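Residue numbers (UniProt numbering): 1 to 371.
We put the beta carbon where it would ideally sit given N, CA and C, even for glycine.
Nothing here was measured: the structure is a model prediction, and the numbers come from that model.
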Amino acid sequence: MAHIPERRSLSRRIKPYFTVFDGPLALILFLLFGAGLLTLSSAGHDFPGRLEGQMRNMLLSFIVMWVAANIPPQTLLRLAVPVYTFGVALLVAVALFGVIKKGARRWLHVGVDIQPSEIMKIATPLMLAWYFQTRASMLHWKSFLVAALLLAIPFGLIVRQPDLGTALLVGGAGFWVIFLAGLSWKALAALVAAGGASLPVIWSMLHDYQRERVMTLIDPTSDPLGKGFHIIQSVIAIGSGGVTGKGYMKGTQAYLEFIPERTTDFIFSVYSEEFGLVGNLVLLFFYLLLIGRSMMIAANAPNLFTRLLGGSIAMMFFIYAFVNMGMVSGILPVVGVPLPFMSYGGTALITLGLGSGILMSIQRHRKLVQT
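So, in structure tokens, the structure goes:
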């Protein structure tokens with residue numbers, strides 16, 4: 001009697017595509033998304049449609065996360081070079097004939113305006129991880145010089161736009177790949193010394209508004225009703241929250257519209273005023289869990305490529321949170337970096353969702369290899 005192959009039900013056939021999410025990481029993201037929506041509903045009380053728009057952004061981020069989680073790391077390895085090359089080509093196109101908005105040439109019009117620098121937040125560490133994977137058995141100091149050049153190209157093009165916030169994120173994510181690949185502490189110390197010695201040159205290359213941001217950071221009271229207004233009001237909001245906060249939707253700084261960009265870059269100020277020190281500690285704990293789980297996935301990854309890529313994404317999460325909280329607290333210059341998974345905006349959420357999906361892909365395929 002001929003053997004009749006068993007026909008699997010539709011649900012069993014599609015189940016593997018919907019079990020790609022890493023449980024602990026998904027739970028942490030759910031908590032951050034929830035905190036973000038809760039805060040945004042208060043911060044955006046006078047922005048009609050802002051909450052609904054963010055829910056759509058989160059849905060799009062979720063779809064991107066799901067797609068990325070279904071892409072095997074081997075496919076990501078093959079895509080590294082073309083994605084990086086395409087991203088750099090778009091940055092060059094922006095430099096040549098990009099759209100200027102608010103004094104910055106950051107956008108490219110292709111029917112709609114796109115910001116190619118966002119691609120490089122993932123494309124740059126992807127390329128660097130590919131580079132070190134292909135040279136894993138023959139790494140020497142020249143390899144790190146080439147890696148530094150691969151990082152310097154998109155970093156320089158983004159700084160030129162100018163977009164210091166995005167350049168910082170791209171540079172930070174790329175640097176961590178180079179560091180985790182085995183950059184020696186001596187070389188790192190030399191880089192720090194060289195950076196310190198070149199500060200006068202860097203200062204002379206900054207745009208006027210960038211210098212003003214640094215001077216405002218040092219003394220925001222020098223122009224309390226102008227350039228220092230944002231930082232002063234943000235710090236007041238954070239401090240007025242006290243230990244337990246003023247209560248949900250009871251933050252006076254937000255409701256009296258003293259906090260600038262309160263649904264985007266400065267949403268942490270609204271959160272701090274309403275939930276206080278206790279709420280801040282809870283939020284910091286969520287971010288520590290996010291970074292810790294991401295680093296755990298990276299540490300247990302099966303090869304150098306996935307370890308470096310996973311580690312750089314984990315550190316990208318850290319840079320996002322650290323820079324945002326630092327700038328709204330008055331300890332870092334304002335550079336336009338959103339609070340990850342909480343600030344309103346579609347582009348940043350898609351990038352973060354893509355990074356989260358890549359981490360889930362790394363974890364999923366590690367388990368498949370083990371089984």
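Listed as beta-bridge partners of Ile100 by DSSP are Arg105.
Ala129 is a Cβ neighbour of Leu308, given a cutoff of 9 angstroms. In this structure, the straight-line span from the alpha carbon of Met58 to that of Pro340 is close to 12 angstroms. Closest in alpha carbon position to Ile122, among Val20, Gly279, Leu169, is Leu169. No Cβ-Cβ contact shorter than 9 angstroms links Leu90 with Leu76. Just so you know, the alpha carbons of Ser240 and Leu354 end up roughly 36 angstroms apart. Ile114 has Leu108 as its beta-bridge partners, per DSSP. Thr351 carries a helical assignment under DSSP once its states are collapsed to helix, strand and coil. Ser222 carries a helical assignment under DSSP once its states are collapsed to helix, strand and coil. Burial check for Glu52: the Cβ neighbour count within 10 Å stays below 16, so the residue is exposed. Residue environment: Ala68 is assigned as buried (16 or more neighbouring CB atoms within 10 Å of its CB, all protein chains considered). Sequence-distant Cβ neighbours of Leu289 in its own chain, meaning closer than 7 angstroms and more than five residues away, are Ile28.
Take Leu38, set aside five residues on each side of it, and no residue of its chain has a beta-carbon closer than 7 angstroms to its own. The three-state reading of DSSP puts Leu339 in coil, since its state is none of H, G, I, E or B. Between the alpha carbons of Pro24 and Ala197 lies a distance of about 44 angstroms. In this structure, Leu60 and Ile267 do not form a Cβ contact; the two beta carbons are roughly 19 angstroms apart against a cut-off of 8 angstroms. The shortest CA-to-CA distance from Leu79 to any of Gln363, Ala167, Ile358, Ser343 is the one to Ile358. Counting along the chain, the unbroken alpha helix (DSSP H) around Arg293 starts and ends at 267-299. Exclusion of the five residues before and after Leu126 leaves Leu76, Ala80, Val83, Tyr84, Leu309 as the residues of its chain whose Cβ lies within less than 7 angstroms of its Cβ. In the three-state DSSP reduction, Ile259 falls in the coil class, being neither helix nor strand. If you look at Ser61, you'll find it in the alpha helix (DSSP H) that goes 50-69.
Counting C-beta atoms within 10 angstroms of its own C-beta, Gly156 has fewer than 16 neighbours from the protein chains shown and is therefore classed as exposed. If you compare the alpha carbons of Thr306, Pro333, Thr252 with that of Ala43, the shortest gap goes to Thr252. Taking the CA atoms as reference points, Phe175 sits about 12 angstroms from Ala167. Trp66 and Phe275 have their C-alpha atoms roughly 32 angstroms apart. If you draw a 10 Å sphere on the C-beta of Met138, you find fewer than 16 other C-beta atoms in it, and that means exposed.
Using a Cβ distance threshold of 9 angstroms, Tyr271 and Met342 count as a contacting pair. DSSP, reduced to helix, strand and coil, places Gln161 outside both helices and strands of the structure shown, so it counts as coil.
By the Cβ neighbour-count rule, His140 is exposed, with fewer than 16 other Cβ atoms within 10 Å of its own.
With a 10 Å radius around the Cβ and a threshold of 16 neighbouring Cβ atoms, Lys142 comes out exposed. Tyr344 is positioned such that its CB atom lies closer than 9 angstroms to that of Thr263.
Residue nearest to Arg105 within the set Arg160, Asn70, Phe62 is Arg160 (criterion: CA-CA distance).
A distance of 9 angstroms or more separates the beta carbons of Ala173 and Met296. Boundaries of the alpha helix (DSSP H) harbouring Thr124: 120-134, taken from the DSSP string. For Lys186, the enclosing alpha helix (DSSP H) covers residues 185-197.
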